[in-house]
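These notes are about the structure you will find just below.
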Amino acid sequence: MAPFLSKRDLRFQLFEVLDTAALPQRPRFADHSREVYEDVLNLAYNVADKYFASHARESDLNEPHVVDGKVQLLPAVGDAMRAFREAGFFSAHHDEELGGLQLPWVMTQAVQAHFQAANVGSSGYPFLTIGNANLQRVFASPEQQAKYMLPLVEGRWFGTMALSEPHAGSGLADITTTATPKDDGTYSISGSKMWISGGEHELAGNIVHLVLARIKGGAAGVKGISLFLVPRYRINDDGTPGESNNVVLAGLNHKMGYRGTTNTLLNFGEGGESVGELVGEAGQGLRQMFHMMNEARIGVGMGAVMLGYAGYLASLDYARERAQGRAASNKDPLSPAIAIIGHADVKRLLLRQKAFVEGGMALGLYASSLVDDLQTGPEEDRADTSLLLDLLTPIVKSWPSKYSQEALSDAIQVMGGAGYTRDYPVEMYYRDNRLNPIHEGTEGIQGNDLLGRKLTQAGGRGLEVLMSRIEADLQAAEGLDGLDEIRAALKTALEQNQSALKVILGKAVDLGPDLFLANANSALEMLGHTVVGWMWLRQAAAAARALPEAKGDDANFYHGKLQAARFFAIYELPRIEFHAQLLASADATTHEMQETWF
């Protein structure tokens, strides 16, 4: 069976491209070292391999179901959660005073990548719980943190985010769940929430829901939305779970992928009162929830990458073993068939996968490293870091989600009929990943966010920071062997980006918001491919510097990096020109289309 993750590439990204081993020079990480990080990665691989990968197919074939009013999961899911908790991964990035290792966020994402690649369904439970606890760490009161957050950090309870409603979906301004103030300062929560991953199960003693709701009498629209902590079970004075809080499972959603993650419709306040506590100030719910959502968007992008990567490795393994056909130059029908990896079009499909998934992983880890820079880097750089991270977040979420799906389609193509059978995992990865372009905001939402907000905030400073960093890496790579194509293509891409954005942003007022955003997807595609091209430049530069001293497998690895960078430059970066031209033209075709014409 093919591995679900490349240890070699992950370490290349972390220690040769990002120089994560230098983070212990910062006070927060002073007790760390490269050896500590290696131990953590090895532990993550072993736990993911033994407890997550081992039931990935079984959980796909045996979805959560309800028996006597309770959600039933495979016993192996509970075993995986215990192993994850015992390894300390729920708390690894938290302060030592909370039992954590103060692990950098980039290392935390690298750890999570193992579990996302091994079993994306089961990885959803700790993913949501960690995000819930992180939000509480920023916005909840000390009393709330002791009551609700600590059990999450310890892995004893699990958490969710409850935003969407059956009638509203991503339209959070239209939510109708209400919060009625009570005399004791708590609130009575009433309403329904849809698509709540991890919303009901028996994996933990309690489930803490972060619920968006409107306080009765509050403002309309997003300004009236507040955030509440609503546990599945009310909490006794000694901190133990008590009586039901009347959070009722109304149904399970059955998805094409992520089948191991319970996905629910929940009714709050059915058959009794659901009591919740306000987080922070009233009316700040959306801002608070976006803290978790932005974190989740990077996580979704990384999860998409790891599914694509697992599919790539599976198809690569198959291509090396499957013998079929002969070289075009071989006219002897009696000669042995060659492995299909010898055929040029199979190499094309494999190179395309490699370019997408290794480029996507580089992007996700780079964005994660920016989180560390924002929290522990030089004070004078943090404002720019924040703007750059904001700008990249919609790209980090959407680009890997889309192009990992392309990679998985190519993986199936490489494997032929075997690719879409359940004898191999690639068809499962394909179904799993199809959810990621929707999770945490569709491509349309991400495109609007990028063009309508992120590119213009702070006077466009985020874009200036991005362009300056790309220019710096272009200059640093000058003269390195094997980088001519990627450097030239990336320079052209920068010019096309700058020209198109100057034109469309200059037209914004005259066009009006509807037409201005009509081609926001092209902004997302244009900048997404450019940023991933930048990631390939960084990887190629690291490979070129290391190659002269490399031998054997290491030399092959670095040659592969240079060839994939060349592929992305020649086959992918030219696509930017189309999107740049379309964006600058402010074409009105989609905007002017009428409903009755369909």
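Here the sequence shown stands for residues 1 to 598, numbered as in UniProt numbering. Yeah, the Cβ is synthetic: ideal placement off N, Cα and C, and Gly gets one too.
The Cβ atoms of leucine 582 and serine 522 lie closer than 8 Å to each other.
Here alanine 541 has Asp473, Ala476, Ala477, Leu480 and Leu483 as same chain residues with Cβ atoms under 8 Å from its own Cβ, once five neighbours each way along the sequence are excluded.
DSSP, read as helix, strand or coil, puts asparagine 253 in coil. Around the beta carbon of glutamate 549, fewer than 16 other beta carbons lie within 10 angstroms, which makes this residue exposed. Taking the C-beta atoms as reference points, glutamine 446 is found nearer than 8 Å to serine 398. Residue burial annotation: arginine 297 is buried, with at least 16 other C-beta atoms found within 10 angstroms of its C-beta. Asparagine 294 counts as buried, since at least 16 other C-beta atoms from the protein chains shown sit within 10 angstroms of its C-beta.
When the beta-carbon positions are compared, histidine 591 and leucine 524 stay at least 8 Å from each other.
About 6 Å separates the Cβ atoms of serine 335 and arginine 326, confirming a contact at the 8 Å cut-off. DSSP places histidine 291 in the uninterrupted alpha helix (DSSP H) bounded by 285-321. Contact check for glycine 199 and leucine 266: beta-carbon distance about 5 Å, within the 8 Å limit, so the pair qualifies. Between the alpha carbons of glycine 552 and tyrosine 558 lies a distance of about 10 Å.
Measuring C-alpha to C-alpha distances from tyrosine 45 to each of Thr240, Thr262, Arg538 and Ala83 identifies Ala83 as the nearest. The segment 145-158 makes contact with the segment 83-98: 3 or more CB pairs, one atom from each, lie closer than 8 Å.
Boundaries of the beta strand (DSSP E) harbouring glutamate 243: 241-244, taken from the DSSP string. Here alanine 569 is not near isoleucine 470, since their CB atoms are 8 Å or more apart. Taking all protein chains in view, the Cβ of aspartate 237 is surrounded by fewer than 16 other Cβ atoms within 10 Å, so the residue is classified as exposed.
If you draw a straight line from the Cα of leucine 511 to the Cα of glycine 417, it is about 49 Å long.
Apart from sequence neighbours up to five positions away, the residues of its chain that approach phenylalanine 52 with a beta-carbon distance below 6 Å are Ala80, Phe115, Ala118, Asn119 and Ser122, ordered along the chain. At a Cβ-Cβ threshold of 8 Å, glycine 159 and leucine 203 do not count as neighbours. Boundaries of the beta strand (DSSP E) around valine 275: 274-278.
Ranked by Cα distance from phenylalanine 4, the options Pro425, Leu73 and Leu286 are led by Pro425. Across the set Gly276, Ile340 and Ala113, the C-alpha of Ala113 shows the shortest separation from the C-alpha of glycine 308. Secondary structure remark: continuous alpha helix (DSSP H) runs of at least 4 residues inside the segment 15-72, in chain order: 34-47 and 56-61.
Phenylalanine 158: member of the beta strand (DSSP E) spanning 158-162, first to last residue. Taking 8 Å as the cut-off, the Cβ atoms of proline 181 and isoleucine 215 count as close.
In this structure, Leu463 is the residue among Pro142, Leu463 and Met428 with its C-alpha nearest to the C-alpha of lysine 502.
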